[in-house]
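Okay, so here's the structure we're looking at.
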Amino acid sequence: MSLEDRLLPPQAKPHASVAKISEAWYVVADAKALAKKPLAVTLLGTPLVLFRTHSGKPGALLDRCPHRNVPLSAGRVEGEHLVCGYHGWQFDRDGGCRDVPGLMGVGGNERSRRATSFPAVESEGWIWVWPSLDVAPTGSPFRFPTLPGYTEARRVVEAPGTLHATLENALDVPHTAFLHGGLFRTAEKRNTVTAVLRRYADRAECEYLGEPRPSGLVGRILSPSGGVVVHFDRFFLPSIAQVEYRIGSETHFMVTSACTPVSDFETRLFALVQFKTRFPGLVLKPLLEPIARRIFAQDRLMLGLQTSTIKRFGGEQFESTDIDLLGPHIWRLMKEAERRPPSEAPRDPSVVEYEKRIELRT
Amino acid sequence: MSLEDRLLPPQAKPHASVAKISEAWYVVADAKALAKKPLAVTLLGTPLVLFRTHSGKPGALLDRCPHRNVPLSAGRVEGEHLVCGYHGWQFDRDGGCRDVPGLMGVGGNERSRRATSFPAVESEGWIWVWPSLDVAPTGSPFRFPTLPGYTEARRVVEAPGTLHATLENALDVPHTAFLHGGLFRTAEKRNTVTAVLRRYADRAECEYLGEPRPSGLVGRILSPSGGVVVHFDRFFLPSIAQVEYRIGSETHFMVTSACTPVSDFETRLFALVQFKTRFPGLVLKPLLEPIARRIFAQDRLMLGLQTSTIKRFGGEQFESTDIDLLGPHIWRLMKEAERRPPSEAPRDPSVVEYEKRIELRT
Amino acid sequence: MSLEDRLLPPQAKPHASVAKISEAWYVVADAKALAKKPLAVTLLGTPLVLFRTHSGKPGALLDRCPHRNVPLSAGRVEGEHLVCGYHGWQFDRDGGCRDVPGLMGVGGNERSRRATSFPAVESEGWIWVWPSLDVAPTGSPFRFPTLPGYTEARRVVEAPGTLHATLENALDVPHTAFLHGGLFRTAEKRNTVTAVLRRYADRAECEYLGEPRPSGLVGRILSPSGGVVVHFDRFFLPSIAQVEYRIGSETHFMVTSACTPVSDFETRLFALVQFKTRFPGLVLKPLLEPIARRIFAQDRLMLGLQTSTIKRFGGEQFESTDIDLLGPHIWRLMKEAERRPPSEAPRDPSVVEYEKRIELRT
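Chains as they are written, first to last, in my numbering: chain H, 1 to 362; chain U, 1001 to 1362; chain Z, 2001 to 2362.
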C-alpha cells in the first residue's frame, strides 16, 4: 500500500490557534504505564496502539488491524508480536504481518497485510512517538533537566484545550492573580517589574526582574523567609513548557511539562516537578500536592470553557496586549515550525530580545 | 472591529418553520433571577451574559471575552463592571473595556478590546434583550395586562420545540381533547361552535362563539356553576401567546406567555397567569398548579417528539386543515416580520376576518 | 403527494461495506411483540410505526404524522385505525386518513393527508416489512426450516455493526478460535480440512470436509461422543445467515438468523435455533443458553469496536485472504443485488464452486 492509499482519520478544517507539527517527538505515555497489555493512545488525532514486546522494546502501530479494521489495542502481546483479538493476525514492531492463523502456504509478511507503524522510543522514563509517516526522525527526544539531590514528582494530566492554549496557560503570569487568587498570587499586591522577552529559533523565554516572592500559599510554603527572586518561563518547540523559580539561595523550583496534542482541543501534560528547599522534600510534597491539584483544576475548568466557547462560535478571535508575553511568540514559533519543510533550518535564527514594564500582582 | 469582522456563532440552514426576527425585544430572564452573579442565557442561538451592576442596571454582552474567548458568565460583577474570571479584564454595560490588569500606560477603552453589547432593559419584572446588532431598538417591550385584584403567578418553563411550534401549541384548541384528555377537554363531548379569526398587521386572534364551559378538571375548578363562555386566543408579534377565558360573570382567567427563541428548537416561556373567580385565589392556586404542570409536561413531551422527528427527517412537512386556526397565521406573520426591513411598515395593514364552523370537543 | 415530494430521512454517503437492498422482505419484529400498542422500529434508516388492528392485521407506516410531524408510534390503535396522540388524526393500514377530529364537512381520505405506508405481513411468527416505496413486493418472505420434533428457541439481539460485518461474523469460522477461545474452538488444536465454496445467484455456502468435532464447550455438550461432522455455513440474499452442524447420527444443530439493517451500523438479528441430540432439549437448553449469550456478547463487543474504528477513520479498508471464505462472496452478492433493477434477473446465475485447504483450529 502506498502512502497515498493509507487511510488515516479525516482532518477537520484547522482552527487559527491550532498548529500541527508532525516532525517531532512527543511523549505518549509514562514508561511505567506500558507493561504487558497494549495501550490505546491518540496523538494529533491519530489513534495509536502502544505495546512493549517481551524483550522490552516499545512499538507504536496505527490502532486498526488491516484485516477487518478492529483496534489492535483490543488484542494482546505474544513474544515480539502484537496479536489482534478478532482473528489472531500477528504484527511485529515495524508493522510486518507475521502470522494469519489458518492460512496455509503463504509467507507472513505480505505488503498489503502490513500494519502502519510509527517510530517509538523509551527515553527519560517516558515513551515517545514520532507521528510523521513521511519523514524519518531527526534528532532525539527533548532532554529533561537532571538535578541530582532534588525532590522529584511525575504527573500526567489532561487539559481540554488546544496545545497553544495549554502552553500559554502554563507560562502565563497575569492570570494567576485572578483564576488562582490567593493560591499563588493575589490581585491586591501590585508591583512594577521588568519582563525581558527573548525569542530564539526554536524557543522563547521570559525573565522577570525585580519580582518579589509571590505572596500566595505556594510561595510562602516554598520559601517562608523570601529572598531575591529569579524567575524564568520557557517554551521549547514543539511542545515543552518550563517554569523555573529561585528564591534566595536555598529554594529552587522547576516544572517541565511535555505537552502532547492528543487532538485539536485535547492536550495531555507529562510533567516533571523538581525542587529543593531548606525543608525536606518529603515534608513539603504532601503540602504542595493538594495546592497544585487545585491550581490545575482551575486551569482545566477555564481551558474547557475557552474550548467550548471557541467551538460554539465556530472559531477563535483573540485580542492580545503587551502583557500577553509568551503566548503570541509560542504561536509564531509553532506556526513557523508547522509550515517549515523538515529538512530546512528555522527561518528566524536571530535572537529577538526586548523589555516590557508590567504591573505584576504578587 | 467592524460589524463584518465580529465573530458570531454559525447559523445552520434554517428550517421551514423557523423564523428569526431579530428586531424585537425578548424576555431573557425573570428580573429576580438576575442578582449579584452573572447569568448565561442564549437568545436566537447567541450566547449572552446578563449582569446587574451595583447601581442596579442590567447589562447584556456577548458571552465571550475578546481577550482569550472564555465566557464572561464565568466572571463576576465589580461595581459597574463585569470582570472576566481568567485575566480580570473589566467591561461596562456598553461593552467598553475599562481595565486590563497588569497593562501599564494604556487607556482602557480601546476599540478592539470591546466586548459586544446588546440593548437590555428591565420592564414588568422581566429582563428584556434586543438581539439585533445592526438596528437600534424601536419601541418598548410588550406590556403585560394589568389586572388589579387578580391572583397572579409567574412561571418560566422550557419547551423543546421551535418558537412557531410552541406558539401554535399554546394557542391550539383541538389537541387539548386528545393530548390532555380529561384535564381540560374530553374527546367524547362534541359541540358545534363558530370560530372567528382576525389577523392584523402585528397580531392575530381567534374568538370562539357558542362554546360551553370546558368539561375537564380545570373548567370545573375555575367555574363549578358554568355560564356564558367568552374565549380568545391571541398572538402578538414577535412571540407573545395569550389565552383569555371569561365564564359567567365571576370567572376571568388569562395566561400571557412571552416566548423566547433560545435556539431553533428550544423555546423558553415566561408566563404570567392572572385570574379571579368566586373562590379565593389562595385556595385555587394549589389545586390548579399540579394540573397546569401536568398539561405542560404533556405538551413538552409532544413538542420534543415533534422536534426529534423533524430533525431525524432533516426538515418538517406540515399539512394543515381548516381547524388549524391560528398556526398558519402565526407562521405568516412571523415570516413577514423576518423578511421586513425594520424601518418599513408591515405590508399587510388591513384586518383579515372570517368565520369557521368547527366541532369543538369540550 | 408524489414520490418525489415525499420527505424521507436524509441518507449519508454510503460506506464501502454498506449495501442497501430495498426490494426485499425484512423481519422487523417478533409477531408476539406486536400487540395492542404501536411499536416504533427502524429499517434501513427509516423510522416506521408497526401496529396491529383489532382484526389482527399488521400495518407499517412512516413514523411521522403528516399533520404536525409527531411520531405516530406515540399514538394508539382504535379498531382498524392508528390514532395520532397529538390531534387524533386516524389512519388505516394503507395510510389513508380516515378522521380529522373537529373538521366538519370534508371527506376523510384526502391525498395530501395520507400517511406513507409500507407492505407488511405476518409470516412464520415474525412481522416482515418491504421497505421499497417504488417497487411492489415480489415473492414471499424467506421460509425458515421446518424441523418437527426439534427443540426450538427464538432470540432477538442487536449487533452494532453493518449488515455485511454482522453476516460475515455469523458465518466466519477462523475468529471463533480467538475471540471465543475455549467456548467453541481453541487456538491450540490444529487440523487441515477442506472448505468447499459454492456461490449461486442468490446465496452462497461453505461446506467443511474432514472437520473433527469442535473441541470447545459447545461441541462437547452437544455431542459428547463425537462422530463424523457435516458442517455448512450459508448466506441467502438479502440478509439470512444459517449455520448447520450434524455430528454423528444423533446430533443436528441449526441456527437461522434473519438479519435486519436497522441503519448503516446497526443490525438486528431475529434468530431461530433448532436442534436435536441424544439428550432432551429441556436439559441442554439451560446449559447452552449462557454460553450462546457469552459468545454473542464477545461478537457484539468486537463488531462495536470495528464500527467505532471505521467511523473514526471515516471509512473501512479491509484486506482479505483465502480463509475469509464467505465474507467477500456475501459482499459481492449484496452489491449486485443493490445495483440490480428489481425486475431483472440476477446477472450471475451459474454456480461458482471451488475448494480451499485451510488449517482449522478446533
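All residues carry an ideal CB built from backbone N, CA and C; glycine is no exception.
Since we're looking at a predicted model, the values are computed, not measured.
Check: Are three or more beta carbon pairs between the stretch 2224-2238 of chain Z and the stretch 2111-2126 of chain Z nearer than 8 Å?
Finding: Cβ pair count under 8 Å is below three, so no.
Next item on the list: Out of U:1171, U:1246, U:1021, U:1241, point me to the one whose CA is closest to residue 1135 of chain U's CA.
Entry: Here the question's residue 1135 of chain U lines up with position 135 in the second sequence. Comparing Cα-Cα distances from residue 1135 of chain U to each of U:1171, U:1246, U:1021, U:1241, the minimum goes to U:1021.
Check: Applying the criterion that 16 or more other CB atoms from any shown protein chain within 10 Å of the CB defines a buried residue, is residue 2069 of chain Z buried or exposed?
Finding: For this step, residue 2069 of chain Z is matched to residue 69 along the third sequence. So residue 2069 of chain Z counts as buried.
Check: Using a C-beta to C-beta distance shorter than 7 Å, which residues of chain Z count as neighbours of residue 1264 of chain U?
Finding: Numbered from 1 along the second sequence, position 264 holds the residue referred to as residue 1264 of chain U. Correct list: empty, because the minimum Cβ distance to chain Z is about 15 Å.
Check: With burial defined as no fewer than 16 other Cβ atoms inside 10 Å of the residue's Cβ, what is the status of residue 4 of chain H: buried or exposed?
Finding: For this step, residue 4 of chain H is matched to residue 4 along the first sequence. Interpretation of residue 4 of chain H is limited by its pLDDT of 41, a score under 50 that renders its predicted location unreliable; no figure is taken from the coordinates.
Next item on the list: Give the DSSP-derived three-state secondary structure of residue 2254 of chain Z in the structure shown.
Entry: One-based indexing of the third sequence puts residue 2254 of chain Z at position 254. Of the three classes helix, strand and coil, the one that applies to residue 2254 of chain Z here is strand, per DSSP.
Margin query: Does any residue of chain Z have a CB that is nearer than 7 Å to the CB of residue 1325 of chain U?
Written below: Within the second sequence, numbered from 1, the residue matching residue 1325 of chain U stands at position 325. No, its Cβ sits nowhere closer than 7 Å to a Cβ of chain Z.
Notebook entry, point to check: What residues match up with residue 278 of chain H in a beta bridge as DSSP calls it?
Noted result: Looking up residue 278 of chain H in the first sequence gives position 278. Residue 278 of chain H is not bridged to any residue.
Item checked: Rounded C-alpha distance that separates residue 1204 of chain U from residue 329 of chain H -> Here the question's residue 1204 of chain U lines up with position 204 in the second sequence. Here the question's residue 329 of chain H lines up with position 329 in the first sequence. Approximately 60 Å between the Cα atoms of the pair.
Item checked: One or two residues paired with residue 39 of chain H in a DSSP bridge -> On the first sequence, position 39 is the one that residue 39 of chain H refers to. Answer is H:50.
Notebook entry, point to check: Are residue 1179 of chain U and residue 1254 of chain U closer than 7 Å when you measure CB to CB?
Noted result: Position 179 of the second sequence, counted from the first residue, corresponds to residue 1179 of chain U. Position 254 of the second sequence, counted from the first residue, corresponds to residue 1254 of chain U. It is not a contact, given that the beta carbons lie outside the stated cut-off.
Check: If contact means a Cβ-Cβ distance below 7 Å, which residues of the stretch 2291-2309 of chain Z contact chain H?
Finding: 2302, 2305, 2306, 2309
Note to self: So residue 1321 of chain U contacts chain Z; which residues on that side make the cut at Cβ distance below 7 Å?
What the structure shows: By 1-based counting over the second sequence, the position of residue 1321 of chain U is 321. Going along chain Z in sequence order, the residues near residue 1321 of chain U (Cβ under 7 Å) are 2100, 2103.
Item checked: Collapsed DSSP secondary structure at residue 2290 of chain Z in the structure displayed -> On the third sequence, residue 2290 of chain Z is found 290 positions in, with the first residue counted as 1. In the three-state reduction of the DSSP assignment, residue 2290 of chain Z falls in the helix class, which pools H, G and I.
Note to self: Does chain U have any CB closer than 7 Å to the CB of residue 148 of chain H?
What the structure shows: Along the first sequence, read from residue 1 onward, the residue named residue 148 of chain H stands at position 148. By this cut-off, residue 148 of chain H is not an interface position.
Notebook entry, point to check: Just checking my contact of residue 1315 of chain U with residue 1019 of chain U at CB under 8 Å: how many whole Å lie between their CB atoms?
Noted result: Locating residue 1315 of chain U in the second sequence gives position 315, where the first residue counts as 1. Locating residue 1019 of chain U in the second sequence gives position 19, where the first residue counts as 1. Not a contact, Cβ separation roughly 15 Å.
Note to self: By the three-class DSSP mapping on this structure, what secondary structure does residue 2151 of chain Z have?
What the structure shows: Residue 2151 of chain Z sits at position 151 when you count from the first residue of the third sequence. The three-state secondary structure of residue 2151 of chain Z, taken from DSSP, is strand.
Note to self: Does the CB of residue 2316 of chain Z have a neighbour CB from chain H at under 7 Å?
What the structure shows: Reading the third sequence from its first residue, position 316 is the one you call residue 2316 of chain Z. Closer than 7 Å: yes.
Next item on the list: Could you check the C-alpha separation between residue 2056 of chain Z and residue 2104 of chain Z for me, to the nearest Å?
Entry: In the third sequence, residue 2056 of chain Z corresponds to position 56, counting from 1. In the third sequence, residue 2104 of chain Z corresponds to position 104, counting from 1. One C-alpha to the other measures close to 31 Å.
Note to self: Give me the subset of the stretch 55-70 of chain H whose CB atoms are less than 8 Å from a CB atom of chain Z, sorted by chain position.
What the structure shows: From the stretch 55-70 of chain H, only 63, 64, 66, 67, 68, 69, 70 have a Cβ closer than 8 Å to chain Z.
Notebook entry, point to check: Thinking C-alpha only, which one of Z:2093, Z:2167, Z:2142 is nearest residue 2026 of chain Z?
Noted result: Along the third sequence, read from residue 1 onward, the residue named residue 2026 of chain Z stands at position 26. Ranking Z:2093, Z:2167, Z:2142 by Cα distance to residue 2026 of chain Z puts Z:2142 first.
Next item on the list: With DSSP collapsed to three states, give me the class of residue 1352 of chain U.
Entry: Translated into positions along the second sequence, residue 1352 of chain U becomes position 352. Three-state DSSP puts residue 1352 of chain U in a strand.
Next item on the list: Name the residue from H:218, H:210, H:168 whose alpha carbon lies nearest to the alpha carbon of residue 238 of chain H.
Entry: By 1-based counting over the first sequence, the position of residue 238 of chain H is 238. For the residues H:218, H:210, H:168, the minimum Cα distance to residue 238 of chain H belongs to H:168.
Next item on the list: Kindly indicate which three-state DSSP category residue 1261 of chain U falls into: helix, strand or coil?
Entry: As a first step, residue 1261 of chain U is located in the second sequence; it is residue number 261 there, counting from the start. Looking at residue 1261 of chain U - three-state DSSP - the assignment turns out to be strand.
Notebook entry, point to check: How many angstroms separate the CA atom of residue 1157 of chain U from the CA atom of residue 2096 of chain Z?
Noted result: By one-based count along the second sequence, residue 1157 of chain U stands at place 157. By one-based count along the third sequence, residue 2096 of chain Z stands at place 96. Roughly 37 Å between the two C-alpha positions.
Notebook entry, point to check: So, helix, strand or coil for residue 1299 of chain U, using DSSP?
Noted result: By 1-based counting over the second sequence, the position of residue 1299 of chain U is 299. Here residue 1299 of chain U sits in helix by DSSP.
Next item on the list: Output the residue ranges of the beta strand (DSSP E) runs that lie fully inside the stretch 1212-1246 of chain U and measure 3 residues or longer, sorted by chain position.
Entry: 1229-1236
Item checked: Closest by C-alpha distance to residue 1191 of chain U, when choosing among U:1207, U:1213, U:1172, U:1075 -> Numbered from its first residue, the second sequence carries residue 1191 of chain U at position 191. Among U:1207, U:1213, U:1172, U:1075, the Cα nearest to that of residue 1191 of chain U is on U:1213.
Item checked: Under the three-state DSSP convention, the category residue 317 of chain H falls into -> In the first sequence, the residue the question calls residue 317 of chain H occupies position 317. Correct three-state label for residue 317 of chain H: coil.
Item checked: Status (buried if at least 16 other CB within 10 Å, exposed otherwise) for residue 92 of chain H -> Within the first sequence, numbered from 1, the residue matching residue 92 of chain H stands at position 92. Buried, because 16 or more other Cβ atoms sit within 10 Å of the Cβ of residue 92 of chain H.
Note to self: Beta-carbon within less than 6 Å of residue 323 of chain H's beta-carbon, same chain only, minus the 5 sequence neighbours each way: which residues are those?
What the structure shows: Here the question's residue 323 of chain H lines up with position 323 in the first sequence. Answer for residue 323 of chain H: 174, 358, listed in chain order.
Item checked: Contact set between residue 2183 of chain Z and chain H, taken where Cβ atoms lie within less than 9 Å -> Taking the first residue of the third sequence as 1, we reach residue 2183 of chain Z at position 183. The contacting residues do not exist; residue 2183 of chain Z stays about 14 Å from chain H at best.
Checklist line | Close Cβ partners of residue 1278 of chain U (< 6 Å) along its chain, the five nearest in sequence each way excluded | finding: By one-based count along the second sequence, residue 1278 of chain U stands at place 278. If you ignore the 5 residues before and after residue 1278 of chain U, its C-beta comes within less than 6 Å of the C-beta of 1250, all in its own chain and listed in chain order.
Check: Using the C-alpha atoms, what's the distance from residue 1318 of chain U back to residue 2061 of chain Z?
Finding: Within the third sequence, the letter at position 61 stands for residue 2061 of chain Z. Within the second sequence, the letter at position 318 stands for residue 1318 of chain U. Roughly 17 Å separates the two Cα atoms.
Item checked: the stretch 266-273 of chain H / the stretch 143-157 of chain H touching (three or more Cβ pairs under 8 Å) -> yes
Notebook entry, point to check: Leaving out the 5 sequence neighbours to the left and right, which residues in its chain are closer than 6 Å to residue 2353 of chain Z when beta-carbon positions are compared?
Noted result: Here residue 2353 of chain Z corresponds to residue number 353 of the third sequence, with the count starting at 1. These residues qualify, in order along the chain: 2198.
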